[in-house]
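Each position in the sequence shown, counted from 1, maps to that position plus 906 in the working numbering.
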Amino acid sequence: MSDEFPTHEIELTENAAAKVKSLLEQEGRDDLRLRVSVSPGGCSGLIYSLYFDERILDGDHIRDFDGVEVIVDRMSVPYLNGSTIDFFDTIER
């Protein structure tokens, strides 16, 4: 990750980072990062997406969590700042 990119204020828990690392290992690619985005739509007015992406686009905000890079586009940052991404391996929460 380069210092030329701005950061965001999303948190990724240790459990979530470990799960993302596991999924990335299964993919067998070291060029993928976790992208989190917000787009218009849905009943609440927003749709939240998490997916792997090899691209870093102009205006992306990037932060590293123990080797997991999380990317957020500049339009999504205001909606996501202060959010925490966690992972629970259970049917019920």
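Ideal placement from N, C-alpha and C gives every residue a C-beta, glycine not left out.
If you reduce the DSSP assignment to three classes, tell me which class residue i lands in.
i    : result
E915 : coil
G931 : Reading off the sequence, residue 931 comes out as Glu, not Gly. Of the three classes helix, strand and coil, the one that applies to E931 here is helix, per DSSP.
Mind reading off the beta-carbon distance from residue i to residue j? Whole number of angstroms is fine, and I expect it under 8 Å.
i    : j    : result
V974 : A923 : 5 Å
V942 : V976 : 6 Å
Label residue i either buried or exposed according to how many other C-beta atoms from any shown protein chain fall within 10 Å of its C-beta, with 16 as the threshold for buried.
i    : result
R961 : exposed
D992 : exposed
Can you name the residues that DSSP bridges to residue i?
i    : result
D959 : R939
D970 : E975
L952 : P946
I997 : In the DSSP output, where bridge partners are listed per residue, I997 has none listed.
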